[in-house]
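*Asks:* Taking the working numbering, I'd label the letters of the sequence shown as residues 154 to 378.
Even glycine gets a Cβ: it sits at the ideal position worked out from N, Cα and C.
Please read all numbers here as calculations on a predicted model, not as lab measurements.
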Amino acid sequence: MNKWVEPGKFFKESMLKEGNVMPLPDIRDKMHQRWFLPRVILSKLPFSSSRLDELKHIFHASDNSTMEKLIVESLNECERAPSVGETKRCVGSGEDMIDFVTSVLGNKVTVRTTDNTNGFNKDIMIGSVKGIDGGKVTKSVSCHQSLYPYLLYYCHSVPKVRVYEADIIDAKTKDKMNHGTAICHLDTTAWSPTHGAFSALGSSPGKTEVCHWIFENDMTWTIAD
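1. Three Cβ pairs or more, each shorter than 8 Å: is that satisfied between the stretch 344–351 and the stretch 268–288?
2. Can you give the Cα-Cα distance for Q186 and T375, rounded to whole angstroms?
3. Do you know whose CA, among S356, H365, I211, I224, lies nearest L305's CA?
4. With distance defined between alpha-carbon atoms, name the residue in N274, E221, F164 nearest to D179.
5. CA-CA distance, I322 and N269?
6. Tell me whether the beta-carbon of C308 lies closer than 8 Å to the beta-carbon of K261.
7. In whole angstroms, what is the alpha-carbon distance linking N331 and K325?
8. Using 10 angstroms around the beta-carbon of R181, count the other beta-carbons present and answer buried if the total reaches 16, otherwise exposed.
9. Let's see if you can read the secondary structure: which residues bound the alpha helix (DSSP H) around I321?
10. Since M278 and V174 are thought to touch, with beta carbons under 8 Å apart, how far apart are those beta carbons, to the nearest angstrom?
11. Could you name each continuous beta strand (DSSP E) segment of 3 residues or more that falls completely within the stretch 246–287, going from the start of the chain to the end?
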């Protein structure tokens, strides 16, 4: 039984062509607004599932509460061993994010995300498309928010990707309404066969590339052009 995947959440690279019409998924950030902590404060806080009791005390999380559950889930994700070819780190400060990104990509980096959420849950038309780094296979660091008491990002380096920027056009009026960043993962051999991308694209690990938009408040870092 194929699980339902939101239309447009995953797509093939060939869809990123000017004039193509495709659904834009719900790219809105659904998490409560939170903030990075200064590194000085962060360095004094525990961040380990082995120190869960201390964390629960600091963040007033009672036993079996939603807060305890989200702390445990985020710590598990952060402590999980990296997949093949992946380098990963969870960061709770701007300084830690920059340090991790530059340790992977070097000092000349730039960050990209999708400009806004206009067009979500609608059919959109692809406008002009630009391949980053000349459209060559490159590596990037993508950072996704984790649900945690303060702003926490799960950042990971992803080998063998192509990153694109594309104008997002209203399919009816033909007006430009957004500017999107998309990333295409070219090597999916190490992905789980149950990953939603494969039911969406009717494929299996290693048989197809998988592309997705960078959602609101997530980001992808690349070597500066």
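*Replies:* By the coordinates alone:
1. no
2. Numbered from 1 along the sequence shown, position 33 holds the residue referred to as residue 186. Numbered from 1 along the sequence shown, position 222 holds the residue referred to as residue 375. The alpha-carbon atoms of Q186 and T375 are separated by roughly 26 Å.
3. Numbered from 1 along the sequence shown, position 152 holds the residue referred to as residue 305. Checked all of S356, H365, I211, I224; the closest Cα to L305 is I224.
4. If you number the sequence shown from 1, residue 179 lands on position 26. When each option's Cα is compared against that of D179, the closest is N274.
5. Stepping through the sequence shown from its first residue, residue 322 is reached at position 169. Stepping through the sequence shown from its first residue, residue 269 is reached at position 116. Rounded to the nearest angstrom, the two C-alpha atoms are 13 Å apart.
6. On the sequence shown, residue 308 is found 155 positions in, with the first residue counted as 1. On the sequence shown, residue 261 is found 108 positions in, with the first residue counted as 1. The answer is no: Cβ separation not under 8 Å.
7. Numbered from 1 along the sequence shown, position 178 holds the residue referred to as residue 331. Numbered from 1 along the sequence shown, position 172 holds the residue referred to as residue 325. When rounded, the distance between both Cα atoms is 14 Å.
8. Indexing the sequence shown from 1 puts residue 181 at position 28. The residue is exposed, with fewer than 16 neighbouring Cβ atoms inside 10 Å.
9. Working through the sequence shown from its first residue, we reach residue 321 at position 168. That residue, I321, is in no alpha helix (DSSP H); its beta strand (DSSP E) goes 305–323.
10. By one-based count along the sequence shown, residue 278 stands at place 125. By one-based count along the sequence shown, residue 174 stands at place 21. Their Cβ separation, rounded to whole angstroms, is 5 Å, which keeps M278 and V174 in contact under 8 Å.
11. 262–265, 275–284
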